[in-house]
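J.: My questions all concern the structure below.
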Amino acid sequence: MLRSHTNGTLRSQDDNQQVSLCGWIHRLRDLGGLILADLRDHSGLVQLNLTDFGSKDPKRLKQMRRESVVRVSGRVSKRPTESINPQLPSGEVEIAVTAVEIFNEVQDLPFIFDAQVQTKEALKLKYRYLDLRSPQLQTNLRKRAKVCSEMRKLFEAEGFCEVNTPILYKPTPEGARDFLVPSRHYPGTAYALPQSPQILKQLLMIAGMERYYQITNCFRDEDLRSDRQPEFGQLDLEASFITQAWLHDLAQKICRNIWNSSSISLKPLCYSDAMNWFGSDKPDLRFALPAIDITTSCSKALSAAPPFADILSTKTHKISATFASDKIMNFSRKNLDDLITHMQNNHEHKTFYFKVAQKTLSGGIAKWITPELLENMENLCLEVHKQLQQADLATSSPSMLNHKTDFSHGVWFVSAVTQHHHMPDTVSRLRSYLGDNETKTQLKKPGEYAFLWLHSFPLFTWDDDTQQLSATHHPFTLPAIEHQELFFALHNDNANNNATAILSEAFDVVCNGYEIGGGSLRIYKADMQQHMFSILGLSPQQIQKQFGFLIEALRYGAPPHGGMAFGLDRIMMLLLETNNIRDVIAFPKTTQGNCLMSGAPQKLQDEDLKDLHLKHSQPI
RNA sequence: GGGGGAGUAGUUAAGUUGGUUAUAACGCCGGCCUGUCACGCCGGAGGCCGCGGGUUCGAGUCCCGUCUCUCCCGCCA
24 MLRSHTNGTL
34 RSQDDNQQVS
44 LCGWIHRLRD
54 LGGLILADLR
64 DHSGLVQLNL
74 TDFGSKDPKR
84 LKQMRRESVV
94 RVSGRVSKRP
104 TESINPQLPS
114 GEVEIAVTAV
124 EIFNEVQDLP
134 FIFDAQVQTK
144 EALKLKYRYL
154 DLRSPQLQTN
164 LRKRAKVCSE
174 MRKLFEAEGF
184 CEVNTPILYK
194 PTPEGARDFL
204 VPSRHYPGTA
214 YALPQSPQIL
224 KQLLMIAGME
234 RYYQITNCFR
244 DEDLRSDRQP
254 EFGQLDLEAS
264 FITQAWLHDL
274 AQKICRNIWN
284 SSSISLKPLC
294 YSDAMNWFGS
304 DKPDLRFALP
314 AIDITTSCSK
324 ALSAAPPFAD
334 ILSTKTHKIS
344 ATFASDKIMN
354 FSRKNLDDLI
364 THMQNNHEHK
374 TFYFKVAQKT
384 LSGGIAKWIT
394 PELLENMENL
404 CLEVHKQLQQ
414 ADLATSSPSM
424 LNHKTDFSHG
434 VWFVSAVTQH
444 HHMPDTVSRL
454 RSYLGDNETK
464 TQLKKPGEYA
474 FLWLHSFPLF
484 TWDDDTQQLS
494 ATHHPFTLPA
504 IEHQELFFAL
514 HNDNANNNAT
524 AILSEAFDVV
534 CNGYEIGGGS
544 LRIYKADMQQ
554 HMFSILGLSP
564 QQIQKQFGFL
574 IEALRYGAPP
584 HGGMAFGLDR
594 IMMLLLETNN
604 IRDVIAFPKT
614 TQGNCLMSGA
624 PQKLQDEDLK
634 DLHLKHSQPI
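Under my numbering, the first residue of the first sequence is numbered 24, with each subsequent residue one higher.
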C-alpha cells in the first residue's frame, strides 16, 4: 500500500501517529510563516501543515499546486484549540509533513471545477474526469452503485439468477430506431443493439431459468432530452409461474428497498381512471387536482358563450374542469395569464378560467357560468374527490376537497378540446404547471414520493399515421385474462372497432409523475402470439422471418411467465432530486449524441468501410 | 424534422441608441504575510468577442449563413 490511512477518517485519537497519505491537493494556503493545505481522497479532507517542509524544500512546495496528486509522510498532531475546524470531520487534527512525493504535477486547470460557479456544460463534458471529482457527482455514482448492489442482494434472496444477454443482437420492428452494427462476414447485414432484452429473457423462461434478472444497458437511437441518453441502465427481470399480483408485490419490495422505506406502497390505479381524472397515464399523485368531465352538463349553459362556440359545434368535443382552491395558491392576474399561455400551445385546445370569492364569480369566462352549472361542477368535483379518498390516492394532500365550503375561494379552469377519447392533456399540463410552481403552490412536500401501480392498459392503440392497430405495451403482452375470447375474435382486416376496448396484463410503476418501470404477463402460447402479430398487420412471411424462432420456441413447453424492467437512470434522478440524467451517469453524451471527451462517434476510414462492405452515399 | 436560449481572457459573466485603449471576479505569474480552512493585501500578464459573409466612415453590438452546447415539441412501448 502506498498509504497507511485514508485522509477523511483521521481523528484526535490518532495524535502522534506516523502516517503516509495519498490524494489530491485540494487547496493550498500560504500564510507566509505558516503553510497549510487540504489533502483530498475519496474519504474526505485532512489539513497538511507544510511549514517546515516548505522551508526545507521550497522548490517542491511550488510543485504542490491545486489538484497535483501526491503522497505525504508525517505525524498526526492535534491542532491548537482556537484553530479547530468544526466544519471538517478531521478538523481537530493536521499532519506535520516531513516528506512529499509528487506522483504527478498538474497543468493549469481548464475550469474551476470545485467552485460554486456553473461551468458551461460542454466544457465539463470535455473534461468529464475532472468534473467527476466534484463531491456531488462522486456521491451520485456511489449511490448508484449502492442501489445496484442492494438490488442484487434482493434478487438473489428472491431466487433470481443474473444472466448476461448479448449486446450484439437482432433488429426489432417494435418501438424505437435501432443502433446498427454492420457485419464483416455477411455483406449487407447488421446486428442491432438491444432496445431491451425482451425476447431473450422470455427464451430464458422457456429454457427453465424460472427467475432471471440483469442490470444492463439498453440502446435507442432517438433524439435526446435532459432525461434521455442513447444508452441507459435497466433493471430487468422475468419470472415463470407467477401472477400480476406477485409482480406487484415484488415491485413494491424493490421500491421499498431502493428508497429504504418500508411504508412505501404501490397504490393501484387503472388506466381509464388515471386518464379520466388526470389526463395522464403517469400522474403525479403527491397532490389531487383531478379534472371532471362537464361535457354533457355544460353544453347547454355554455352554448351561448362565444369562446366555446367553435368547439361546442363539433360532435366530438370534450369539456373538463379543474378547481384549484386558494389554500393551494392565490392566483394573480399575471399567474393566470402565464398559465393560460403555457397551456395554449396547441390549437385544438382552449383553456379558460374564472375566479370564485365569497360565492361571487369574476374574471375570464365568469359571466357565462350559471349558478346551476357551478352547483353541478362542485358536486361532480366532490364526487371525484370522494372516489380518490376511497382509492387512498393523494389523501394527505392539502389539495383534497371535502366540503362545499372548500369551493368558496379559488379558481376554476375549464379546458375544451374538439376531439378526444379521454380527458384532454390540457388537464395533465395544468396539473404539472401547478405542481412545478411548488414554491407558490406548495403542492409538493420535500422528500415526498407518491408511487402508483398503473394497470389495465388497453392492449392496442389506434395509430392514425399508419391507420393500424399498434401494441400499447409491446406485442408480447398477454391480453387481459377476461378479454382473451374477444382477442381471438378480432380479424386482421382493419374492421376491429372494439379492439381498443380490449385490456391487457400490462402495468407501469409510476413515481411523482415519472414512469420508473413497467412490465406485463407475456403471451406463452404460439397460436396467441401468431394471432397478435397478424392483428398488428404483419404478414405470415414477416412473422416467420422476424419472430419465427420465438413462435417455434413457444411450442416446446413454454411456461406462463411475466416480468418487468425499471429505468435505473430515472430512479437515480428521483432519488438524487436532479432533473438532468448527466448527473447520474459517469460518461454521458450531449443532446446530439456526441462524447465531447473522446470525440465519438468517429468518422470511418475507407478501409473500415471496405471491411464492412459499406460506402458513403456522398463524399465526406 | 421544428421552436426557444446561449457562445466575449484559462473560467464565470458585464458590455448602454453602432463610436477612444473591450470591463470585473475567480484562476495564473511575481511580491508581502505565523493559524488559515472560499486565507488576506499589493502588483502583473493574459482577447481571432464561436466561425464565414454582408451593411457602415466605423461592428462584440445590426443583417444573412454556419457550427457547437443547452432546453422544449415531434419522436422515444
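C-beta atoms are modelled at their ideal positions from N, C-alpha and C, and glycine is treated no differently. Predicted model, so just to flag it, every value in this text is computed and none were measured.
Sorted by chain position, which residues of the same chain lie with C-beta nearer than 6 angstroms to W47's C-beta, five sequence neighbours on each side aside?
T.: Within the first sequence, residue 47 is the residue found at index 24, counting from 1. Correct list, in chain order: R63, E90 and V92.
J.: Counting along the chain, where does the alpha helix (DSSP H) carrying I566 start and finish?
T.: As a first step, residue 566 is located in the first sequence; it is residue number 543 there, counting from the start. Taken as a continuous stretch (DSSP letters only), the alpha helix (DSSP H) holding I566 covers P563 to L577.
J.: Per DSSP, what kind of secondary structure is S459 in: helix, strand or coil?
T.: Within the first sequence, the letter at position 436 stands for residue 459. It should be pointed out that residue 459 corresponds to Asp in this sequence rather than to Ser. Collapsing the DSSP output to three states places D459 in a helix.
J.: First and last residue of the beta strand (DSSP E) that includes S100?
T.: Here residue 100 is taken as the residue at index 77 of the first sequence, counted from 1. Looking at the DSSP string, the run of the beta strand (DSSP E) that includes S100 is V92 to K101.
J.: So who's on the other strand from R234, going by DSSP bridges?
T.: Counted from its first residue, the first sequence places residue 234 at position 211. Answer is A262.
J.: Please work out which residues of its chain come closer than 6 angstroms, Cβ to Cβ, to N108, disregarding the five sequence neighbours upstream and downstream, and give them in chain order.
T.: As a position in the first sequence, residue 108 is number 85, starting the count at 1. Hits under 6 angstroms: G114.
J.: Could you give the C-beta distance for N599 and L148, rounded to a whole number, given that I count them as a contact under 8 angstroms?
T.: Within the first sequence, numbered from 1, the residue matching residue 599 stands at position 576. Within the first sequence, numbered from 1, the residue matching residue 148 stands at position 125. Correcting the residue identity first, residue 599 is Leu in this sequence and not Asn. Rounded, the Cβ-Cβ distance is 19 angstroms, inconsistent with contact.
J.: Relative to the C-alpha of T428, which candidate in Q141, A380 and D550 has its C-alpha closest?
T.: Within the first sequence, residue 428 is the residue found at index 405, counting from 1. With distances taken between Cα atoms, T428 lies closest to A380.
J.: Classify T104 as buried or exposed, calling it buried when 16 or more other Cβ atoms lie within 10 Å of its own Cβ.
T.: Along the first sequence, one-based indexing puts residue 104 at 81. Flag for T104 reads exposed.
J.: Just to confirm, is the Cβ distance from V59 to N72 under 8 angstroms?
T.: The count along the first sequence starts at 1 and reaches residue 59 at position 36. The count along the first sequence starts at 1 and reaches residue 72 at position 49. The residue asked about is misnamed: residue 59 is Leu in this sequence, not Val. It is a contact, given that the beta carbons lie within the stated cut-off.
J.: Pull up the CB-CB distance for A297 and L477, whole angstroms please, since I reckon it's below 8 angstroms.
T.: Taking the first sequence and counting its residues from 1, the one referred to as residue 297 is at position 274. Taking the first sequence and counting its residues from 1, the one referred to as residue 477 is at position 454. Yes, A297 and L477 are in contact; Cβ-Cβ is about 6 angstroms, under 8 angstroms.
J.: With D531 as the anchor, note down where its beta strand (DSSP E) starts and where it stops.
T.: Locating residue 531 in the first sequence gives position 508, counting from the first residue. That run of the beta strand (DSSP E) goes A529 to C534.
J.: So, at 8 angstroms on beta carbons, what are the nonlocal neighbours of S288 in its own chain, with the 5 sequence-adjacent residues on each side left out?
T.: By 1-based counting over the first sequence, the position of residue 288 is 265. Cβ neighbours of S288 beyond the five flanking positions: Q275 and F474.
J.: So for M24, helix, strand or coil by DSSP?
T.: As a first step, residue 24 must be located in the first sequence, where it is residue number 1. Correct three-state label for M24: coil.
J.: Less than 8 angstroms separating the beta-carbons of Q252 and I594?
T.: Counting from 1 along the first sequence, the entry for residue 252 is found at position 229. Counting from 1 along the first sequence, the entry for residue 594 is found at position 571. Note that the C-beta distance between Q252 and I594 is not below 8 angstroms.
J.: Report yes if the C-beta distance between P481 and L526 is below 8 angstroms; otherwise report no.
T.: Working through the first sequence from its first residue, we reach residue 481 at position 458. Working through the first sequence from its first residue, we reach residue 526 at position 503. Taking 8 angstroms as the Cβ cut-off, P481 and L526 qualify as a contacting pair.
J.: In whole angstroms, what separates the C-alpha of Q36 from that of G77?
T.: The count along the first sequence starts at 1 and reaches residue 36 at position 13. The count along the first sequence starts at 1 and reaches residue 77 at position 54. If I take the Cα positions, the gap works out to 27 angstroms.
J.: Along the chain, where does the beta strand (DSSP E) that runs through D127 open and close?
T.: For this step, residue 127 is matched to residue 104 along the first sequence. The displayed chain sequence assigns Asn, not Asp, to residue 127. Residues V116 to N127.
J.: Please identify the residue among P112, V123 and R88 whose C-alpha is closest to the C-alpha of V729.
T.: Only positions 24 to 643 of the chain appear in the structure, and residue 729 is not among them; the question remains open.
J.: Please tell me whether Q225 and T195 are closer than 8 angstroms, where the distance is taken between their beta carbons.
T.: Counting from one through the first sequence, the residue named residue 225 turns up at place 202. Counting from one through the first sequence, the residue named residue 195 turns up at place 172. No, the Cβ-Cβ distance between Q225 and T195 is not below 8 angstroms.
J.: Residue ranges of each alpha helix (DSSP H) run of no fewer than 4 residues wholly in the stretch 406-491, ordered along the chain?
T.: 448-459 and 461-464
J.: Would you call the stretch 340-356 and the stretch 303-320 in contact, with 3 or more CB pairs under 8 angstroms?
T.: yes
J.: Which partner residues of D296 appear in the DSSP bridge assignment?
T.: Position 273 of the first sequence holds residue 296. Answer is none; D296 lacks a bridge partner.
J.: In chain order, which beta strand (DSSP E) runs of at least 3 residues are fully inside the stretch 164-247?
T.: 203-205, 213-215 and 234-242
J.: D531: which of Q565, R156, G586 and D349 sits nearest, CA to CA?
T.: Counted from its first residue, the first sequence places residue 531 at position 508. Cα-wise, what sits closest to D531 is G586.
J.: DSSP beta-bridge partners for E538?
T.: The residue given as residue 538 occupies position 515 in the first sequence. For E538, which the question treats as bridged, DSSP gives the partners V533.
J.: What three-state label does DSSP hand G67 in the structure shown?
T.: Taking the first sequence and counting its residues from 1, the one referred to as residue 67 is at position 44. Here DSSP, grouped into helix, strand and coil, assigns G67 to strand.
J.: I'd like to check one pair, V116 with V99: are the Cβ atoms closer than 8 angstroms?
T.: Your numbering for residue 99 matches position 76 in the first sequence. Your numbering for residue 116 matches position 93 in the first sequence. Against a cut-off of 8 angstroms, the Cβ pair of V116 and V99 comes out as a contact.
J.: Are A581 and I229 touching if we call contact CB-CB under 8 angstroms?
T.: Position 558 of the first sequence, counting from 1, holds the residue named residue 581. Position 206 of the first sequence, counting from 1, holds the residue named residue 229. Yes, these two residues count as a Cβ contact at 8 angstroms.
J.: Looking only at its chain, what residues have a beta carbon closer than 7 angstroms to the beta carbon of Q649, apart from the 5 residues adjacent to it on each side?
T.: What the structure shows of the chain is the stretch from 24 to 643, and residue 649 is not part of that stretch, so it cannot be assessed.
J.: Measure the alpha-carbon distance for T383 versus S420 and round it to whole angstroms.
T.: In the first sequence, residue 383 corresponds to position 360, counting from 1. In the first sequence, residue 420 corresponds to position 397, counting from 1. Per the coordinates, the alpha-carbon of T383 lies some 26 angstroms from the alpha-carbon of S420.
J.: Going by CA-CA distance only, name the one from F430, T345 and L509 that's closest to F436.
T.: For the purposes of this step, residue 436 is identified with residue 413 of the first sequence, where counting begins at 1. It is T345 whose Cα lies nearest to the Cα of F436.
J.: Classify T162: buried if its beta carbon has 16 or more other beta carbons within 10 angstroms, exposed otherwise.
T.: If you number the first sequence from 1, residue 162 lands on position 139. Exposed, by the Cβ-count rule.
J.: When you compare the stretch 569-577 with the stretch 239-254, are there three or more beta-carbon pairs, one atom per stretch, that lie closer than 8 angstroms?
T.: no
J.: Return the CA-CA distance between W67 and L160, expressed in angstroms with no decimal places.
T.: Residue mapping note: residue 67 aligns to position 44 of the first sequence, counting from 1. Residue mapping note: residue 160 aligns to position 137 of the first sequence, counting from 1. Note that residue 67 corresponds to Gly in the displayed sequence, not to Trp. Using only the alpha carbons, I get a separation of about 14 angstroms.
J.: Have a look at A332, Q410 and M596 and flag the residue whose alpha-carbon is nearest the alpha-carbon of W300.
T.: Residue 300 sits at position 277 when you count from the first residue of the first sequence. The option with the nearest alpha carbon to W300 is Q410.
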